[in-house]
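Asker:
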Amino acid sequence: MNEIFWAFGRASGIVSLGLFTLVLLLGIVSRSGRPLPGLPRFSVALLHRSTSLMALVFLVLHVSTLMLDPHAKLSLANAIVPFTAGWNPFWVGLGTVAFDLVIALVVTGLLRQRIGQRAFRAIHWCAYAMWPFAFAHALGSGTNAVDLWFQAYAWGCAGLVAVGAGWRLSANFAETSRARLGRI
Amino acid sequence: MSRAQLELHIDFTRCDGRGLCTEILPELLVRDDWGYPVGRGGRDIHVPDGLAGAAQDAVDLCPLQALMLRRVTRS
Chain A
658 MNEIFWAFGR
668 ASGIVSLGLF
678 TLVLLLGIVS
688 RSGRPLPGLP
698 RFSVALLHRS
708 TSLMALVFLV
718 LHVSTLMLDP
728 HAKLSLANAI
738 VPFTAGWNPF
748 WVGLGTVAFD
758 LVIALVVTGL
768 LRQRIGQRAF
778 RAIHWCAYAM
788 WPFAFAHALG
798 SGTNAVDLWF
808 QAYAWGCAGL
818 VAVGAGWRLS
828 ANFAETSRAR
838 LGRI
Chain B
72 MSRAQLELHI
82 DFTRCDGRGL
92 CTEILPELLV
102 RDDWGYPVGR
112 GGRDIHVPDG
122 LAGAAQDAVD
132 LCPLQALMLR
142 RVTRS
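Those sequence lines, one after another, are chains A and B.
In our numbering, each residue carries its 1-based index in the first sequence increased by 657.
In our numbering, each residue carries its 1-based index in the second sequence increased by 71.
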């Protein structure tokens, strides 16, 4: 029975990394104002939202199963306050930072209409900080971090994020950027 | 006789022309060359009852919260 929590805690963490990578990429596409093949702009926005909630579910499963696991012995305080875990406190703490940022992102995302655009946007920028924390946590405290398949998976996710971030910073990122520079 | 009518208001100090509203409400809005929404019938965008739901979706999904639905009474 004990092994089940440990195994599930690991698996849900691995799935979370992939889902948050997808969420980040969908957010970047959404910001570009461009549709995807077969997916209009509003669908990209909705997919970004629903994928982020699904990623949250896996993240909550990841944290809660490791709270039940007798080996990890994560307490509720450890899950919220970074760098307090008894086991591998630094690398687990990076995951806690990512978890806290996700909570802030989800709450402000759901309350966007109430808190106003300025506050929402300021906090939503934290998404770019959240991903590297999650990635470092996966490599630093993941039990499978030494396995080749895990390295390939994690660095594959990192590659996708790097491509997305590079595109985000490029001059013709926004759909309307060419037109607005007077080059219709 | 006066009648309350649903009207869509675009706050152009917020709008960035991302194009979600023009996808959701093609009956009411077109995009100009710079991507910004323009009412088909001019500045006042009246929303017929059949499009009220779609108009609310457009308001909720606008990434810059630049849209507003309101009831106006004109005599």
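Yeah, the Cβ is synthetic: ideal placement off N, Cα and C, and Gly gets one too.
Quick caveat: nothing in here was measured; it's all calculated off a predicted structure.
Let me confirm a value: I737/A is counted as buried when at least 16 other C-beta atoms fall within 10 Å, else exposed. Which label applies?
Answerer: Exposed: under 16 other Cβ atoms inside 10 Å.
Asker: So, helix, strand or coil for L676/A, using DSSP?
Answerer: Helix.
Asker: Could you name the residues of the same chain whose beta carbon sits closer than 6 Å to that of L751/A, not counting the 5 residues immediately before and after it, in chain order?
Answerer: Once the five neighbours on either side are set aside, the close Cβ partners of L751/A are F790, A793, H794.
Asker: At what residues does the alpha helix (DSSP H) containing P789/A begin and finish?
Answerer: That run of the alpha helix (DSSP H) goes 784-798.
Asker: Where do the ends of the alpha helix (DSSP H) carrying V759/A lie?
Answerer: Run containing V759/A: 746-767, per the alpha helix (DSSP H) assignment.
Asker: If L79/B and L140/B are in contact, beta carbons under 8 Å, what's the gap, nearest whole angstrom?
Answerer: Between L140/B and L79/B the Cβ distance is about 6 Å, and since that is below 8 Å, they are a contact.
Asker: Sort A129/B, R142/B, G124/B by Cα distance to L703/A and report the nearest one.
Answerer: Nearest C-alpha to L703/A: A129/B.
Asker: Taking a cut of 8 Å between CB atoms, which residues from the region 698-720 of chain A lie near chain B?
Answerer: Correct list: R698, F699, A702, L703.
Asker: Listing by chain order, which chain B residues have their CB less than 9 Å from the CB of G690/A?
Answerer: The contacting residues are D87, G88, R89, G90, L91, G106, P134.
Asker: List the whole-angstrom C-beta distance separating F777/A from L91/B, where the pair is believed to meet the contact cut-off of C-beta under 8 Å.
Answerer: At roughly 16 Å, the Cβ-Cβ gap does not stay under 8 Å, so F777/A and L91/B are not in contact.
Asker: Taking A729/A as the reference, give the member of A819/A, V714/A, G743/A, D804/A with the closest Cα.
Answerer: Residue G743/A is the option with its Cα nearest to A729/A.
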